[in-house]
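First the structure, in the form of structure tokens, and then the observations on it.
Protein chains: 2
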Amino acid sequence: MTDGQVRVLLAEDQGMVREALAALLSLEGDLDVVAQVSRGDAVAAAVVEHGIDVAVLDIEMPGMTGIDACAEIRRVRPQTKVVIATTFGRPGYLRRAMESGADAFLVKDAPAAELAEAIRRVLRGEKVIDPTLAAAALSEGANPLTGRERDVLAAAADGSVNADIAARLHLSEGTVRNYLSMAIQKTAARNRAEAVRVAREKGWL
Amino acid sequence: MTDGQVRVLLAEDQGMVREALAALLSLEGDLDVVAQVSRGDAVAAAVVEHGIDVAVLDIEMPGMTGIDACAEIRRVRPQTKVVIATTFGRPGYLRRAMESGADAFLVKDAPAAELAEAIRRVLRGEKVIDPTLAAAALSEGANPLTGRERDVLAAAADGSVNADIAARLHLSEGTVRNYLSMAIQKTAARNRAEAVRVAREKGWL
DNA sequence: GTGCACCCGTGACATCCGTCATGCGGACGT
DNA sequence: ACGTCCGCATGACGGATGTCACGGGTGCAC
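Sequence order for the protein chains is A and B.
Each step along the first sequence adds one to the number in numbering that gives the first Met the number 0, with nothing skipped, and position 43 is 42.
Each step along the second sequence adds one to the number in numbering that gives the first Met the number 0, with nothing skipped, and position 12 is 11.
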């Protein structure tokens, strides 16, 4: 590879999308996609092995989320810049991505040119965030759910009945009801299904 | 454009992915991406306007699904070939895509090379389908839900209570309960949330 | 024209769910 | 040492949900 080229890693589980993004970035003369992975838990090792300058991470991936992978990169190779590119522009995702030390947060709705642009800007030490999303994330405040409330709500997400949830979390059925009741109130929902939907949208799960 | 070039349309709502796929296909010498749209309801007009040879359609798009757009293409310009490329390899999607007259069905998990390959094969008159998915779609059988059962289940999907669903569909609350009960039995679920999940997985919604 | 499947409705019943009050123990901050 | 928050639990209550039996209407196929 030529000297001065930016060494980029792409992490994205959908092969077609990943390779397409690689093709796109390769059209930029100064960028070199030297590694591609399809699993979150393969990111950190690849970053170290290839001496990556910028890692572009999807959030939803098998093995580990892009957000957790970002935190891992921060531990093993702090000088690597991280760009999170995701389908869902949920404020909760943005907040958690920033807490994990991400340098940029993009939604895939955006034009493709923004990706290359974001890579160059994070290399200059800038942070890149959609202003609309930033405002939404700030106005939303922190996650009001306690740890256990989150557990129970997450366990209820697939349509399990109380008895199942209780068994899975080693709780009594009444306790499950109580936690769910709390979660429903805090999400301003009318039942567990709505609570799950709201919590997901806000990134509280 | 050079004579003999294949005129391709890309329909995909995520700008970054759409433009990346365009970049990828442009690397193939014989393909020419002459049109890009981000909404399902813009597909048919673009196909006619640009005299498209092959339309590559995502399923989940604003305005109209790729499956419905495929049916529209069949009406307005039958000689155009249609490739459905989707994130979710749900058997129900495959079945409905085929019923709408699609020539190929790809999941975005697949390697990028398959897309160009599929485009060339449908131009030769072949059908392109993942054998695993085809088997799953066949073994699953047809959608057992009646029209109204689907409506009610879909209306319940966001966590609405019975009264809401009844009002939205102009039904009595008891009728909503009955339809939901049927849907729950047919999906072998224990409550509406599980029924929604199962129906989604099987592509019955 | 006689089934049959679908649509829509009612009423009754058992169960599940959501809420509230209340209790106890542990962790944490002041 | 005290208050506060969290985790976990129980019991009781009303309302929502799921099931069943039953009815009537429509349209379609044999």
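Glycine included, C-beta positions come from ideal geometry on N, C-alpha and C.
Since this is a predicted model, take the numbers as computed values, not measurements.
Coarse secondary structure for residue i, derived from DSSP in three states
{"i": "residue 0/A", "result": "Summary for residue 0/A: the model assigns pLDDT 47, below 50, so the residue's position carries little reliability, and this model does not support an answer."}
{"i": "residue 83/A", "result": "strand"}
{"i": "residue 56/B", "result": "strand"}
{"i": "residue 128/A", "result": "strand"}
{"i": "residue 187/A", "result": "coil"}
{"i": "residue 47/A", "result": "helix"}
{"i": "residue 101/A", "result": "coil"}
{"i": "residue 168/A", "result": "helix"}
{"i": "residue 24/A", "result": "helix"}
{"i": "residue 148/B", "result": "helix"}
{"i": "residue 209/B", "result": "Residue 209/B lies beyond the stretch modelled for chain B, which goes from 0 to 204, so this question has no answer here."}
{"i": "residue 194/B", "result": "helix"}
{"i": "residue 19/A", "result": "helix"}
{"i": "residue 177/B", "result": "helix"}
{"i": "residue 161/B", "result": "helix"}
{"i": "residue 204/B", "result": "coil"}
{"i": "residue 143/A", "result": "coil"}
{"i": "residue 120/B", "result": "helix"}
{"i": "residue 153/A", "result": "helix"}
{"i": "residue 111/B", "result": "coil"}
{"i": "residue 76/A", "result": "coil"}
Interface residues of chain B facing residue i [CB-CB closer than 9 Å]
{"i": "residue 157/A", "result": "192, 193 and 196"}
Per-residue contacts from residue i into chain B (C-beta, under 8 Å)
{"i": "residue 189/A", "result": "158 and 160"}
Sheet register partners of residue i (DSSP bridge)
{"i": "residue 94/A", "result": "Partner(s): none; residue 94/A has no beta bridge."}
{"i": "residue 10/B", "result": "36/B and 56/B"}
{"i": "residue 30/A", "result": "5/A"}
{"i": "residue 106/B", "result": "85/B"}
Check: residue i C-beta below 7 Å from any heavy atom of the ligand FAD
{"i": "residue 161/B", "result": "Within the structure as shown, the ligand FAD is missing, as the structure has no ligands at all."}
Checklist entry - What are the residues of the region 6 to 28 of chain B that lie near chain A, defined by any Cβ-Cβ distance shorter than 9 Å? => result 12, 13, 14, 15, 16, 17, 18, 19, 20, 21, 22, 23, 24, 25 and 26
Item to check | Selection of the region 85 to 99 of chain B by Cβ proximity to chain A, strictly under 8 Å | outcome: 86
Item to check | Short-range partners of chain B found in the region 159 to 185 of chain A, where Cβ spacing is below 8 Å | outcome: 159 and 160
Item to check | Stretch-stretch touch, CB-based, cutoff 8 Å, three pairs: the region 22 to 35 of chain B with the region 22 to 38 of chain A | outcome: yes
Next on the checklist: Counting only Cβ-Cβ distances shorter than 7 Å, please list the residues of the region 105 to 122 of chain A near chain B, keeping chain order.
Outcome noted: 107, 108, 109, 110, 111 and 114
Checklist entry - On the three-pair Cβ rule with 8 Å, is the region 183 to 192 of chain A touching the region 156 to 170 of chain B? => result Counting Cβ pairs under 8 Å, three or more are found: they touch.
Next on the checklist: For the structure I just gave you, are there three or more beta carbon pairs, one from the region 58 to 73 of chain B and one from the region 54 to 65 of chain A, closer than 8 Å?
Outcome noted: Judged by pairs of C-beta atoms under 8 Å, the region 58 to 73 of chain B does not touch the region 54 to 65 of chain A, as fewer than three such pairs exist.
Checklist entry - Do the region 45 to 59 of chain A and the region 107 to 127 of chain A touch if we need at least three Cβ pairs shorter than 8 Å? => result yes
Checklist entry - Do the region 73 to 83 of chain A and the region 40 to 48 of chain A make contact, defined as three or more Cβ pairs closer than 8 Å? => result yes
Next on the checklist: Check whether the region 97 to 115 of chain B and the region 1 to 15 of chain A touch, using three or more Cβ-Cβ pairs below 8 Å as the test.
Outcome noted: Yes, since at least three Cβ pairs between the region 97 to 115 of chain B and the region 1 to 15 of chain A fall closer than 8 Å, the two stretches touch.
Checklist entry - Is it true that the region 161 to 180 of chain A meets the region 85 to 102 of chain A, where meeting means three or more beta-carbon pairs spaced less than 8 Å apart? => result no
Checklist entry - Below 8 Å, can you find three or more Cβ-Cβ pairs linking the region 142 to 153 of chain B to the region 170 to 188 of chain B? => result yes
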